[in-house]
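Residue numbers (the working numbering), protein chains in the order written: chain R, 29 to 743; chain Z, 69 to 602.
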């Protein structure tokens, strides 16, 4: 019997210990969850700022190179040899040779297009040959094989004494930009016909580039840069659309993906980005958009086919630069001094160089997120096609050549703007309401108000946002005057009150408690009715029937239907219950003895509230507003629905905005996992977290201080 | 010293404060009133008005709005819902009031709600069936139409039932095909191929009678057609199975109108959505919301209760306890969208991606758990609502008098026994309050769901008749997201407005009822707390 009891006791104690451990573990789980939350936001966002890396991958010898390109899978580098054939150099050094049909050795010059799919060569008899060049993956049973396909497009005698500058192609036609002693011309080659367009260039062309569309050409001479539009096979002589003098001697040029920016390399190491912009008035002008630092003559520039980075090949070094972030991402380590060709792999996951002796060097690249840097996220950037540096959020575009614009500033400004308008609206209402309920309201009102305010807090934000956007926004636009008239409510109630307080004290005593509330309600109803009745007349008399039109014509103010006013009101709906509840708590926590003492000394209830209660509770009231701010900043659905979601930097109450939270909600589901946009959006979430964390800390600290102070008082 | 009476008494300040309070309260009342009013009449039958225009056109439809014409100041224009999208290409037309020559409410006008192309407004033509033709002028027409629609509905249901069974037969074939394709080695591939062969055979053996039945049902559904005449003279023919209801709406008495109104609400709550969510019902969204919060409670209640018990019964007040309290305060203050981002990064891509690599490698790169789904959404919401449960549970625990605890301990109970048999039962209303509040909060939350698996139209419910019955990886529909989607992303926002308002009312009512219950429970708890303190 006793043994049983002892065993039972031991078991109970064991269970007790177990459960204590489990429950403490449960407490820790919340801590761990919060920690994980931060950790994961950091883990997923910080790589956006990771530095790019390159690692060298070995050397494979081969023959004399003129030009080279690599396939998508980085399996083989195709090198054009002077003896008139293609050498496909595999990773293991195995070489397959494909003769260039119809080409008379020795080949003098050869050039691949930027995408590596077209090849031009000038042969021993001065003929210009164009080929299209593909490598397709086919399956021989279980074996994966890259099948090369070389197809001659056309050949022409036009190659003699000319200097190959650029080639682009499409399907079975190609355009070749060639430099001559006195200028430059574009040779149009296709299976059916060949023709040439002479470009009116002042002096011998040193460098040049064609856009991928084949519609525009850039030609640089020793001291100037010209831009030609509309390259048409039918036109035999084309004047430049715009030209500009250069302050350095150019050596090479390339157009970046997207066909907007030209990168020029110079004799003494200059690298500059140029763009054609619409000139004031009419026509076009050429504008220097960026300058990169570096030294050593630039031999070649090859653009990436993925985004806005490019490889700059100098005499003794090769660097990868990025246009948007204006950064030198990296220099290829162990770059051979005698390299003739250096290019980026089509998928931007590698680079290779071929030396004069024919050795192929390869690098693996991990550029991570070159377009995002602290500077591009938070400072103005001059994007392609822009005149000046701007802060813009535009994360995706229609074409592959789109330059993502990932500035967080418009989102931060939009977030703060929404929160500001929300607080402007809700903080006075909620604080004053809490003060009234706590200090002046008739007994029993608190029991009615509290549940209603709780209900207000419980209304899903999607409901508030929906009504704000589809019900309130059109209503406000229609009755803008009434909305403006609401601003007059406070002064008019105050004015009536002042007049009333001049009335005999006997009357005033009768109007207290619930009656006072009813009177105020009556006044609000009367004021509202007056506004509604007057509005159409005012409309016609002063504003010609349409206030929005009037605003635009007279003041130049644009009006969006879903604007900051509407958002402020709707967000206010979400914020009021928070501020109200916390403020009311803070006011209730002021020890009644303080108020009693004040009243005993002859203060009126208002004086007691003003001089004792409010000052004593002020840290709590401050905390209430701070937490309201936290809610306004993080609210998603309301702003998503009730703003136009345009990332503007305008602070006007009549314009919309785009907030961080709404951007995350809209763009994160579509953002590819691990991509730059994904990481930037997670970073945005992290910023939101940090912001609300700081607010919570401040509010908690304030509450702590308050407790200590009143703890002393109560004691 | 202040002697000015209005400063001393602070009348202005008091009145302003009162006004502020009243405005705040009016906002709540206004919101509820607007939603109830608009949603309340969303399904009330509107009269069909026939307009004769100056240019000779005749329009039949419901007048939705009357407003000042922005193009002709001083004139009024009407927005007329003319329906007949298949004939006219649009649901609405603007009619300048000045262009209306004559206006009537024809008692012979019919409203036909169809499964496709929305409403049809027009006049009775005839009902064709193998038994013969019933003309619109015949007094049996209404009854015959009602019968045909009922029969049509049965056929549609049977068709769906047969299709479901066919799909269930085909499901293993798809599964083993994918498994054979993604097999890592030859042995697995052979096994999958054998299973595939068996599944194919099974399907072949059993599908034939179902297919025959399907053809028969479809044939029967095609046989009975309703022919109606539009006001403009065009003829519309629709199979009776494609009609939800057809009524001579202007001729209905009050009783019939109320019946129609209620049956529309019932359809709204119980049917699937049609026509890109702008018609039909919201059942999948209701169901998704319910299942979501149900799953969530399994995660949030244990976690919240244990944390509250720890803080209230076990915590020593050291650094660790303060850290837990701080973490809770932060969880309560962090924007819900941040939880969504975390849910996506951690649950979906982190945990889900790992599960896929370990257990569902065969079907990669198509993700199974590595994409948004109801499990991840409910876990994300659980994290979001932990503070709600903790706060309410703590309040419940605090209401337990210390004397009760001491009594149990004095009788020799261990701490756990005291908790299990005395404290927790006593604090149960607090736990319940917290759970209900968490459910209410979660039911209305949308932003985190947008990142963790909500969709505008889910092909299947997450809970159905195919094993394993509860499909935690499936995407789901949600009331709140439905409001956002139909109100903002729908191609036909104007026509969908009544639906959105009605959905809003449903969501609002759900949340309000849950909160009222929670508040009532808490009030009881507090009364006890004040008694026990005495």
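Glycine included, each C-beta is placed from N, C-alpha and C at the ideal position.
Once the 5 residues before and after residue i are set aside, which same chain residues still bring their CB inside 7 Å of it?
i, result
"residue 213 of chain Z", "195, 294, 314"
"residue 649 of chain R", "459, 611, 614"
"residue 229 of chain R", "211, 212, 247, 249, 254"
"residue 415 of chain R", "305"
"residue 407 of chain Z", "448, 451, 452, 516"
"residue 506 of chain R", "none"
Please confirm if residue i has its CB atom under 8 Å from at least one CB of chain R.
i, result
"residue 444 of chain Z", "no"
"residue 174 of chain Z", "no"
"residue 108 of chain Z", "no"
"residue 484 of chain Z", "yes"
"residue 572 of chain Z", "yes"
"residue 184 of chain Z", "no"
"residue 422 of chain Z", "no"
"residue 139 of chain Z", "no"
"residue 544 of chain Z", "no"
"residue 337 of chain Z", "no"
"residue 297 of chain Z", "no"
"residue 419 of chain Z", "no"
"residue 375 of chain Z", "yes"
"residue 537 of chain Z", "no"
"residue 583 of chain Z", "yes"
In the DSSP assignment, find the beta strand (DSSP E) that holds residue i and state where it starts and stops.
i, result
"residue 113 of chain R", "113 to 118"
"residue 216 of chain R", "211 to 218"
"residue 389 of chain R", "388 to 394"
"residue 603 of chain Z", "Coverage of chain Z is limited to positions 69 through 602, which leaves residue 603 of chain Z absent and any answer about it impossible."
Quick one: residues in its chain with C-beta nearer than 6 Å to the C-beta of residue i, no 5 flanking neighbours on either side, listed in chain order?
i, result
"residue 596 of chain R", "449, 450, 453"
"residue 308 of chain Z", "216, 217, 220, 292, 294"
"residue 79 of chain R", "none"
"residue 422 of chain R", "433"
"residue 342 of chain R", "324, 326"
With 8 Å as the threshold, decide whether the Cβ of residue i is near any Cβ in chain C.
i, result
"residue 321 of chain Z", "Judged by its chain identifiers, the structure shown contains no chain C, and its protein chains are R and Z."
Under a CB-based cut-off of 8 Å, is residue i close to chain Z?
i, result
"residue 488 of chain R", "yes"
"residue 745 of chain R", "No answer is possible for residue 745 of chain R: the residues shown for chain R start at 29 and end at 743."
"residue 634 of chain R", "yes"
"residue 620 of chain R", "no"
"residue 44 of chain R", "yes"
"residue 55 of chain R", "yes"
"residue 616 of chain R", "no"
Could you give the residue range of the alpha helix (DSSP H) that holds residue i?
i, result
"residue 398 of chain Z", "387 to 401"
"residue 374 of chain Z", "351 to 377"
"residue 156 of chain Z", "153 to 156"
"residue 478 of chain R", "473 to 486"
"residue 643 of chain R", "642 to 662"
"residue 274 of chain Z", "254 to 291"
"residue 613 of chain R", "592 to 616"
Tell me whether residue i, by its Cβ, gets closer than 7 Å to a heavy atom of the ligand MG.
i, result
"residue 335 of chain Z", "Of the ligands one can find in the structure shown there are none, so the ligand MG has no counterpart to examine."
Among residues of its own chain, excluding the 5 on either side of residue i, which ones have a beta-carbon nearer than 8 Å to its beta-carbon?
i, result
"residue 465 of chain Z", "376, 377, 380, 381, 491, 495, 498"
| When you check each C-beta in the stretch 471 to 482 of chain Z against every C-beta of chain R, which residues fall closer than 9 Å? | 480, 481, 482
| query | Quick one, which residues of the stretch 658 to 688 of chain R are near chain Z if we go by CB-CB under 9 Å, in chain order? | reply | 658, 659, 661, 662, 663, 664, 665, 668, 669, 688
| query | What beta strand (DSSP E) runs, 3 residues minimum, are completely inside the stretch 227 to 303 of chain R? | reply | 233 to 238, 245 to 249, 252 to 256, 270 to 273, 278 to 283, 289 to 294
| For the stretch 551 to 564 of chain Z, which residues have a CB atom closer than 9 Å to at least one CB atom of chain R, in sequence order? | 551, 552, 555, 556, 561
| Under 9 Å (Cβ pairs) to chain R, residues found in the stretch 395 to 408 of chain Z | 395, 396, 397, 398, 399, 400, 401, 402, 403, 404, 405, 406, 407, 408
| said: Please identify, using Cβ separations under 8 Å, the residues of the stretch 481 to 513 of chain R that lie next to chain Z, in order along the chain. | reply: 481, 482, 483, 484, 486, 487, 488, 489, 490, 491, 492, 493, 494, 495, 497, 498, 499
| field | Residues of the stretch 542 to 573 of chain R whose Cβ lies closer than 7 Å to any Cβ of chain Z, in chain order | value | 544, 545, 548, 549, 552, 573
| query | Between the stretch 81 to 102 of chain Z and chain R, which residues of the former have a C-beta closer than 7 Å to a C-beta of the latter? | reply | 81, 82, 83, 84, 85, 86, 87, 88, 89, 90, 91, 92, 93, 95, 96, 99, 102
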